[in-house]
Amino acid sequence: MEEIFQNSYFYFFLVMLVYGIGDVLGVLTKAKVSSVFVVMLTFLILFMTGVFPADIIDQAGLSSMADMAVGMLIFHMGTTINLKQLINEWRTVVTALISMVIVAAAVFLLIPLIGYENAIVAIPVLNGGIISTQIMSEAASNANLAVPAALAAILYAVKKFAGSYPASMFGVKEANNILEKYRSNPEDPMFSMISNETEKDNKGFATQKQKYFTDFVCIMIATFFSWVAVTLEAVIPQVNMSIWALVLGAIMGYYNLVPARILDKGKSSGIISMLTYAVIIPSLANIDFAQLSSLAFQIIVILAVTIIALIICFYILPGYKIIGSKPLATGVSLAQYLGFPATYLISKEVAKAVTEDPDEQEIVLNRIMPSYVVGSMTTVTVFSIVIAGIMVNFI
Numbered sequence: 005m006e007e008i009f010q011n012s013y014f015y016f017f018l019v020m021l022v023y024g025i026g027d028v029l030g031v032l033t034k035a036k037v038s039s040v041f042v043v044m045l046t047f048l049i050l051f052m053t054g055v056f057p058a059d060i061i062d063q064a065g066l067s068s069m070a071d072m073a074v075g076m077l078i079f080h081m082g083t084t085i086n087l088k089q090l091i092n093e094w095r096t097v098v099t100a101l102i103s104m105v106i107v108a109a110a111v112f113l114l115i116p117l118i119g120y121e122n123a124i125v126a127i128p129v130l131n132g133g134i135i136s137t138q139i140m141s142e143a144a145s146n147a148n149l150a151v152p153a154a155l156a157a158i159l160y161a162v163k164k165f166a167g168s169y170p171a172s173m174f175g176v177k178e179a180n181n182i183l184e185k186y187r188s189n190p191e192d193p194m195f196s197m198i199s200n201e202t203e204k205d206n207k208g209f210a211t212q213k214q215k216y217f218t219d220f221v222c223i224m225i226a227t228f229f230s231w232v233a234v235t236l237e238a239v240i241p242q243v244n245m246s247i248w249a250l251v252l253g254a255i256m257g258y259y260n261l262v263p264a265r266i267l268d269k270g271k272s273s274g275i276i277s278m279l280t281y282a283v284i285i286p287s288l289a290n291i292d293f294a295q296l297s298s299l300a301f302q303i304i305v306i307l308a309v310t311i312i313a314l315i316i317c318f319y320i321l322p323g324y325k326i327i328g329s330k331p332l333a334t335g336v337s338l339a340q341y342l343g344f345p346a347t348y349l350i351s352k353e354v355a356k357a358v359t360e361d362p363d364e365q366e367i368v369l370n371r372i373m374p375s376y377v378v379g380s381m382t383t384v385t386v387f388s389i390v391i392a393g394i395m396v397n398f399i
């Protein structure tokens with residue numbers, strides 16, 4: 005009987021069952037309920053109740069490939085970004101940096117309610133990802149601060165739930181706005197600017213030689229540049245591998261040396277996205293009911309106040325003017341709660357939820373995804389680590 009229920013195929017099926025439920029609910033609700041939120045909440049509940057084993061990703065045989073898939077997906081994403089468009093994302097970077105300052109200020113104001121140590125630990129965790137969380141949690145543990153150390157781990161997991169719904173909601177608002185403009189005037193130059201199918205591309209190497217870019221060749225190219233990105237990080241450790249992969253993808257895609265959306269061309273973007281998503285899941289297995297209940301008040305207050313502060317600053321006050329769109333600016337400000345690949349996945353589900361037309365999905369994706377992903381990389385990948393390195397000295 006154990007052989008039936010305790011093998012890699014069975015655990016892989018359970019993982020994909022949760023993913024499938026999340027996708028179905030995301031489509032049914034037109035992204036009002038984010039599939040990312042559904043998947044992560046489902047895994048958290050199933051881990052906490054003991055229904056799923058903590059090592060289900062290992063049992064499903066996904067761990068090793070999941071780590072490798074991250075670089076491949078980031079390179080793929082880079083190939084979708086026109087280099088001029090990437091340079092234009094300076095507005096996204098500024099908006100993301102301002103959003104980090106707003107979150108830090110809001111948490112400092114909460115010190116009378118949540119305590120000094122909890123506030124110091126919470127700021128880099130809210131701004132960042134697993135690295136900044138590890139820095140703050142380890143520092144708190146070394147200082148014999150058990151509650152702040154636990155807060156770091158739980159807040160890191162739960163903040164994705166809090167951020168995914170509003171980020172998806174504002175993404176849908178932006179998608180509907182851009183589709184309304186596109187449908188009323190599809191010849192508007194702004195849409196040719198965000199289209200990947202430029203006249204230059206049609207004369208490029210990848211287009212002329214597209215028959216040679218078979219499934220295996222595309223996967224091989226994405227793997228090669230992932231290796232290059234990792235190698236560059238080893239040589240220049242100040243620059244994260246994900247940034248190298250993104251830049252390499254943007255350069256290769258812009259000059260049409262490789263096909264845009266290279267993993268789509270290689271018919272492998274779905275499985276690589278799934279594997280990348282699997283990197284996030286194990287962090288949810290370390291939370292139990294006792295931890296969650298003891299820190300519930302601090303977590304709810306921190307998340308509610310900081311998210312409301314961001315919405316006020318970028319949707320109600322003039323903070324949105326840097327990007328020029330209220331919903332897009334607000335979505336970018338929330339990217340620090342999600343990180344990559346969640347911002348990538350939310351962009352994809354928004355595009356699928358608002359339209360079934362592939363061309364319109366392309367317009368939506370090219371409008372939202374660069375800003376969401378660059379916003380998350382600005383905060384989570386780069387500057388949150390700097391913030392953690394500073395804040396750790398105050399514990």
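Start counting the sequence shown at 5; every next residue gets the next number (our numbering). In this text, a Cβ means the ideal position worked out from N, Cα and C, and glycines have one as well.
Cβ contact annotation for Lys330 (same chain, cutoff 6 Å, sequence separation greater than five): Tyr319 and Tyr324, in chain order. Residue state for Pro263 is assigned as coil, using DSSP reduced to three classes.
Between the beta-carbon of Ala123 and that of Val111 there is about 5 Å, and that keeps the pair under the 8 Å contact cut. The shortest CA-to-CA distance from Val378 to any of Ser188, Gly335 and Ile118 is the one to Gly335.
Using a Cβ distance threshold of 9 Å, Phe165 and Leu48 count as a contacting pair. The C-alpha of Leu307 lies about 13 Å from the C-alpha of Ile106.
Here Thr218 is exposed: its Cβ has fewer than 16 other Cβ atoms, across all protein chains shown, within 10 Å. The DSSP-derived three-state label of Lys177 is helix. The beta carbon of Asn181 sits closer than 8 Å to the beta carbons of Ser329 and Pro331 from its chain, once the five residues preceding and following it are set aside; these are given in chain order. Taking Thr280 as reference, the option from Leu66, Gly167 and Val43 with the minimal CA-CA separation is Leu66. Spanning the alpha carbons of Gly75 and Thr53 requires a straight line of approximately 33 Å. Note that the C-beta distance between Tyr259 and Phe209 is below 9 Å.
Note that the C-beta distance between Ala179 and Ala357 is below 9 Å. Cβ contact annotation for Ile311 (same chain, cutoff 8 Å, sequence separation greater than five): Ala166, Gly167, Pro170, Leu338 and Tyr341, in chain order. When secondary structure is reduced to three states using DSSP, Gly82 falls in the helix class.
When the beta-carbon positions are compared, Val97 and Thr382 come within less than 9 Å of each other. The Cβ atoms of Phe387 and Met104 lie closer than 9 Å to each other.
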